[in-house]
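Notes to accompany the following structure.
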Amino acid sequence: MLVRELFKEDIEICANIFIDAYSKEPWNENHDFEKVKVFLNKFTSGNTYIGWVILKKGQIAGFVVGVIIPSIGKDYFRIEDICIRPDMQRKGIGGELIKKITFELRDRNIDCIILNTIKGFPAYRFYLMNGFSEIESSSTMFLEL
């Protein structure tokens, strides 16, 4: 499997993967195609927004997008979304994508990867199985504007 940077030409395919993945259990969400495209386009700008796609047999099987966060010392990467085509989930593709981007991020002198997920959801177990650990001293906070 090949992992490469997300390009503008990939946006429509990735938007369809996003909509398809999030329409299934446990999320059952409905997303507007145009809004998803606008969201994903932000991650093709380079700089601190970045994304990668994973290809299987030349076809996009999934993607990850996130933000490089500047920090004193080394920067870190925050995953905003990772989506694998529902028909390709549970086949090691997501794990392979995580593994490959860790090499890319190390080359960019990134210190670590962080993310938020919901306990009890399949994604939570996926991240634990792929080497992530929970930060016991941390809590996700929210302020509506």
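The working numbering numbers the first residue of the sequence shown as 487 and each following residue consecutively. Don't be surprised by glycine CBs; every beta carbon is placed ideally from N, CA and C. This one's a predicted model, so the numbers in the text were calculated from it and none came from an experiment.
| query | result |
| --- | --- |
| Leu488 - partner residues in DSSP beta bridges | Leu541 |
| Cβ-Cβ distance between Ile570 and Ile584 below 8 Å | no |
| Whole-angstrom C-beta distance between Ile599 and Phe563, which should lie under 8 Å | 5 Å |
| Delimiting residues of the alpha helix (DSSP H) encompassing Gly566 | Note that residue 566 corresponds to Glu in the displayed sequence, not to Gly. From DSSP, Glu566 is part of no alpha helix (DSSP H) but of the beta strand (DSSP E) over 561-570. |
| Asp518 versus Ser531 - alpha carbon distance | 21 Å |
| Under the three-state DSSP convention, the category Asp518 falls into | coil |
| Min CB distance Gly559 to chain B below 8 Å | Of the protein chains in the structure, only one exists, and it is not chain B. |
| Distance, Gln575 Cα to Asp506 Cα | 12 Å |
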